[in-house]
Ligand SMILES: [Zn+2]
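Residue numbers (UniProt numbering): 1 to 166.
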């Protein structure tokens, strides 16, 4: 749900006003700031490679904005839920806390198996990045994820440079 809502504020969705009409409703300086922030994400995802092929960070920008913004909003909504309802008991036999399970749940959605040919087609044509990059890209941009897993700054899943738009 967070992902779909964030589409309203991605590189395409932002162009539509509250009535759904194509209309430039942002101030020019806001558009400039947004474009600078999104370039970070274009560069980040373009640096990922699968089977020797680079991901197209421009083609996949809207989906990556939605993945990043949606995950952040969902985590905040979960924290609000905990405030109202209290912490649930920990799951037996799993040595992860609730925040860690939240991120594990996010990542497991994208577990998949794909043929080489389908992966090639996905890289060339799909506006979504392959599953492993939906996980890696989003979580490596997340301070909440790094805090939940106590990742040292500068490690692969907690790089110093993070792309943050929403
Ligand atoms: Zn989407």
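Every residue gets a Cβ at the ideal spot worked out from N, C-alpha and C, and that includes glycine.
Membership of residue 147 in the alpha helix (DSSP H) is indicated by the continuous run 143–148. If you check the C-beta of residue 122 against ligand 1, you find no heavy atom less than 7 Å away. In this structure, DSSP gives residue 158 an extended state, which the three-state scheme calls strand. Secondary structure at residue 54: strand, using DSSP grouped into helix, strand and coil.
Exclusion of the five residues before and after residue 110 leaves 131, 134, 135 as the residues of its chain whose Cβ lies within less than 6 Å of its Cβ. For residue 106, the uninterrupted alpha helix (DSSP H) segment begins and ends at 98–108. Under the DSSP assignment, residue 132 falls in the alpha helix (DSSP H) whose first and last residues are 131–140. Boundaries for residue 164: no alpha helix (DSSP H) harbours it, and the DSSP string shows neither H nor E there. Apart from the 5 residues on each side of it in sequence, residue 163 sits with its Cβ closer than 6 Å to the Cβ of 40, 41, 44, 141 in its chain, given in chain order.
Going by DSSP, residue 76 is part of the alpha helix (DSSP H) stretching over 61–85.
The Cβ-Cβ distance between residue 70 and residue 137 does not fall below 8 Å. Residue pairing from DSSP places residue 22 in a beta bridge opposite 16.
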